[in-house]
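J.: Everything in the sequence shown is counted per this note's numbering, starting at 44 for the first residue and increasing by one. Glycine is no exception: its CB is placed at the ideal position from the N, C-alpha and C atoms. My questions will all concern the structure given below.
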Amino acid sequence: MSRLKMPEPLQATMQRRGQIVTALRAICPGEGVIDTANEMRAYESDGLTAYKQLPLVVVLPETTAEVSAILKYCHENDIRVVPRGGGTSLSGGALPLEDGVLLAMGKFNRVLDIDYDNRAVTVQPGVTNLGITQAVEHEGFYYAPDPSSQIACTIGGNVAENSGGVHSLKYGLTTNNILGVELVMITGEIIRLGGKHLDQEGYDLLGLLTGSEGLLGVVTEVTVRILQKPETARALLVGFPTSEDAGQCVADVISAGIIPGGMEMMDRYAIHAAEEFVQAGYPLDVEALLIVELDGPEAEVDHLIERVGKIAEANKSQSMRVSTSEEERLSFWAGRKAAFPAVGRISPDYFCMDGTIPRNQLPSVLAGMAELSTKYGLRVANVFHAGDGNLHPLILYDANEPGELEKAEDFGADILRLCVKAGGVLTGEHGVGVEKRDLMPEMFNEDDLAQQQRVKCAFDDKGLLNPGKVFPQLHRCAELGRMHIHGGKLPFPDIPRF
């Protein structure tokens, strides 16, 4: 992508870079500021590695007071700020800005409080998703949302993107498992939303914040709900001759009133890649595989296994295997959770999409993706949360081949348009970021987008928090009473491709 001429505001910020670095060092002394190009390379991209950009400077605060001081300084001096957690975002949500401070929250990595009586844990945002479960599992508890990247993704990033996971069908997304947060506003003010209590008073600002992609404030503390592990959990591996048959089985299971703990689907490409990588015992002679987990009292689980088996048979299932031990159940899931890295074995690059559709549209959308694959001449491996209709197509391409990245992006955009046309939405858990921002007009009209930006302005009056993400165009808050949002490419900032 050709570079645009540097806008005057960017020039002004770059000219005072030395002054900004000095001010940030005063707030975070020692190793709290990184300002050399080589050291900042680790922060130039998140999980959407097709786009890279060095930030103006990286700052690593250790306390809420330091975060407050940093944001207050940036607000007073009109400096843009991009918050970053574990850097696992797949939508470019933590992509830096050339004229922006990257606020890296990795040092906020402590478990602060475990309250079994109230079934709540309070942690700093840099604690990993899996780390919460590991802190309480010795007492028979766990944290339900479990993204595939849970070993690396942080709870702060989960809040920003409203992350899900393989067990979100029954136990909900992040928003269903968050009780409270401590939030630092761009002005430096520190506020608390929610707490250990189940219901909060007033407007649901906590719900508004969850999934806001770092545009409204910086989270410095999170209180989550923990659950007791179910008495029994068993998983089924069910193979099908076509993806459409597997998709119909998903719809039929849910319509029968059965809510599995998790229900995941993989197609042939993903099955073979995962089996070679993990050796979970997946059948290799099927076109689609469902992993269905049922949990609860043992008698109930046995009954539901029988019911799901009959529904699968009615949808032409070719094979079914039921886990007979906890180790075997975990091995079933190990293959699914390793699917993303496993696909890297069959393609030099892949573009991970994230759209959500009504469950009964699975067969038709899968057929539509197959047609798009033929149109673009690119393979697609399907791995997704079938139970809640959250698709994760992996478009396989080679970035070393001229034009293939652009072709993959166009293919992905058409998949998302297909999701919206089927009555779905642009994202389920990865967020909009930079990846989907220019597709927002496919789903929202001008008034919709303007109203969403007014919400941002109520929290961030100067538009300094994570600008360039989510909205297809930026507007000053003062303009929102009279402006119209138009689609098209965002003129600022320019995003260099890898």
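Take L448 and list the residues in its own chain whose beta-carbon comes closer than 7 Å to its own, dropping the five residues that flank it on each side.
T.: Around L448: A93, Y440, A442, R540.
J.: So, is Y159 buried or exposed, given that buried needs 16 or more other C-beta atoms within 10 angstroms?
T.: exposed
J.: For the alpha helix (DSSP H) containing N201, name the first residue and the last one.
T.: 198-204
J.: Is the distance from the Cβ of L103 to the Cβ of V124 below 9 Å?
T.: no
J.: Can you look up C520 in the DSSP assignment and give me helix, strand or coil?
T.: helix
J.: Which residues in the same chain as H315 place their Cβ atom closer than 7 Å to its Cβ, once the five residues preceding and following it in sequence are excluded?
T.: L327
J.: For T417, write down the residues that DSSP places opposite it in a beta bridge.
T.: Bridge partners of T417: none, in fact.
J.: Please state whether DSSP places T56 in a helix, a strand or coil.
T.: helix
J.: One question on the structure: do P168 and E472 come within less than 9 Å of each other, judged by their Cβ atoms?
T.: no
J.: Return the first residue and the last residue of the beta strand (DSSP E) that M308 is part of.
T.: 305-310
J.: Quick check on the DSSP output: what are the complete alpha helix (DSSP H) runs of length 4 or more inside the region 250-275, in order along the chain?
T.: none
J.: Note down, one range per segment and in chain order, each beta strand (DSSP E) of at least 3 residues found wholly within the region 97-174.
T.: 100-102, 123-127, 143-147, 154-158, 163-166
J.: Considering only their Cβ atoms, is the gap separating G90 from G149 smaller than 9 Å?
T.: no
J.: Apart from the five residues on each side of it in sequence, which residues of its chain come closer than 8 Å, Cβ to Cβ, to V64?
T.: V76, D78, V100
J.: Using the Cβ count rule (16 or more neighbours within 10 Å means buried), how would you classify H181?
T.: Exposed is the call here.
J.: What residues in its chain sit with their C-beta under 7 Å from that of T217, if we drop five residues either side in the sequence?
T.: Taken in chain order, the residues that qualify are P188, N201, V202, N205, S206, T253.
J.: If you compare alpha carbons, which of F487, R480, L249 is closest to Q516?
T.: R480
J.: Using the beta-carbon count (16 or more within 10 Å), is G531 buried or exposed?
T.: Low confidence applies here, because G531 scores a pLDDT of 37, under 50, leaving its location unreliable; read the following figure in that light. Answer is exposed; the Cβ neighbour count stays below 16.
J.: Whole angstroms are fine: how far does the CA of K499 sit from the CA of K512?
T.: Cα-Cα distance, rounded: 12 Å.
J.: My guess is that N425 and M308 are in contact by the Cβ rule of under 8 Å, so how many angstroms apart are they, rounded?
T.: 7 Å
J.: Can you tell me whether G128 is buried or exposed, with buried defined as 16 or more other CB within 10 angstroms of its CB?
T.: buried
J.: Could you spell out where the beta strand (DSSP E) holding P436 opens and where it closes?
T.: Segment 436-440, the beta strand (DSSP E) holding P436.
J.: Please work out which residues of its chain come closer than 8 Å, Cβ to Cβ, to L155, disregarding the five sequence neighbours upstream and downstream, and give them in chain order.
T.: Sequence-distant Cβ neighbours of L155 in its own chain, meaning closer than 8 Å and more than five residues away, are T165, V166, Q167, E264.
J.: Which word fits G143, buried or exposed, when buried means at least 16 other C-beta atoms lie within 10 angstroms of its C-beta?
T.: Buried, since its Cβ has 16 or more Cβ neighbours within 10 Å.
J.: Tell me the rounded alpha-carbon separation between L138 and S88.
T.: L138 and S88 have their C-alpha atoms roughly 6 Å apart.
J.: Residue range of the beta strand (DSSP E) that V423 falls in?
T.: 423-427
J.: For Y185, which of helix, strand or coil comes out of DSSP?
T.: In this structure, DSSP gives Y185 an extended state, which the three-state scheme calls strand.
J.: If you drop the 5 nearest sequence neighbours on each side, which residues of the same chain put their C-beta closer than 7 Å to that of D431?
T.: S211, L212
J.: Which residues bound the beta strand (DSSP E) around V227?
T.: Taken as a continuous stretch (DSSP letters only), the beta strand (DSSP E) holding V227 covers 221-227.
J.: Under 9 Å, Cβ to Cβ, is there at least one residue of chain B near I438?
T.: You won't find chain B in this structure, because it holds only one protein chain.
J.: Counting pairs of beta carbons, one from the region 282-294 and one from the region 398-406, are three or more of them closer than 8 Å?
T.: Proximity of the region 282-294 to the region 398-406 meets the contact definition, three or more beta-carbon pairs being nearer than 8 Å.
J.: Taking the alpha-carbon positions, what's the E330 to F184 distance?
T.: 36 Å
J.: How long is the line joining the alpha carbons of P534 and D121, rounded to whole angstroms?
T.: Unreliable positioning characterises P534 in this predicted model, as indicated by a pLDDT of 38, which lies under 50. The coordinate reading is nonetheless provided below. Those two C-alpha atoms are separated by around 19 Å.
J.: Taking 7 Å as the limit between beta carbons, can you name the residues of its chain near N81, skipping five residues before and five after?
T.: none
J.: If I'm right that G231 touches S111 with Cβ under 8 Å, what's the distance once you round it to whole angstroms?
T.: 4 Å
J.: Determine the burial state of G398: buried for a count of at least 16 other Cβ atoms within 10 Å of its Cβ, exposed for fewer.
T.: buried
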